[in-house]
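The block underneath contains the structure these notes are about, expressed in structure tokens.
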Amino acid sequence: MQLRRVNLGDVISWDGRDWIIDAHGSNGSRLNPITDGTPRWVDLATISDDESFEYHGGTDGRIDAATDRIQFAMLDPQTRADALFWLQHLTEARFGVVDPHDPDAVPRDGYGPETTIEGRMEHKAQELSAAGIKTSRTSLFRKDAQYRAHAPCGGG
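Taking full-length UniProt numbering, I'd label the letters of the sequence shown as residues 1 to 156.
This is the structure:
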């Protein structure tokens, strides 16, 4: 994964743990474990090549963004995995790509700029239904509205 920018308060998963980036300095970036353990200084460019590395998005400058991200990271692993699953799918349906901040992102078939958001939600509902996850376009719109209104990590 090629990181373009990280900010203090961003949350990553790496080496089987969730970390918050809480400092940058001459030693690299300091990762503080969300639940317990000792902070570690790392070179983010190096660890981002590790297959266990996952970046969970950047902050938008709000004071409470880091607090939201910490609360999100402290959810039990299954709840957090479920939230990330739906976030990825809703983001792709809304913006056409999983990471709308990545200038190199290319939409998959059915998600390009020529497809309306209604069409992308319908396409996503069909994909999920084919994978055995019962949902509908209307249900996805409801989930998306709830996420944007109430979710931590920049949902609103």
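We put the CB at the ideal spot given by N, CA and C, even for glycine.
Check                                                                                                                                                   : Outcome
What is the DSSP secondary structure of residue 22, reduced to helix, strand or coil?                                                                   : strand
Could you pull out every unbroken alpha helix (DSSP H) segment of at least 4 residues lying fully inside the segment 26–103, listed in chain order?     : 44–47, 65–73, 77–95
Tell me which same chain residues have a C-beta within less than 6 Å of the C-beta of residue 136, skipping the five on either side of it?              : 125
For residue 72, does the count of other Cβ atoms within 10 angstroms reach 16, so buried, or fall short, so exposed?                                    : buried
Which residues in the same chain have their Cβ closer than 6 Å to the Cβ of residue 128, if we skip the five residues on either side of it in sequence? : 135
I'd like to know if the segment 69–88 and the segment 5–23 are in contact, where contact means that at least 3 CB-CB pairs between them fall below 8 Å. : yes
When DSSP labels each residue in this structure, what does residue 137 get in the three-state scheme?                                                   : helix
Do the segment 140–150 and the segment 105–125 touch if we need at least three Cβ pairs shorter than 8 Å?                                               : yes
State yes or no: is the beta carbon of residue 143 nearer than 8 Å to at least one beta carbon in chain D?                                              : Of the chains in the structure shown, none is chain D; there is only one protein chain.
Using the beta-carbon count (16 or more within 10 Å), is residue 92 buried or exposed?                                                                  : buried
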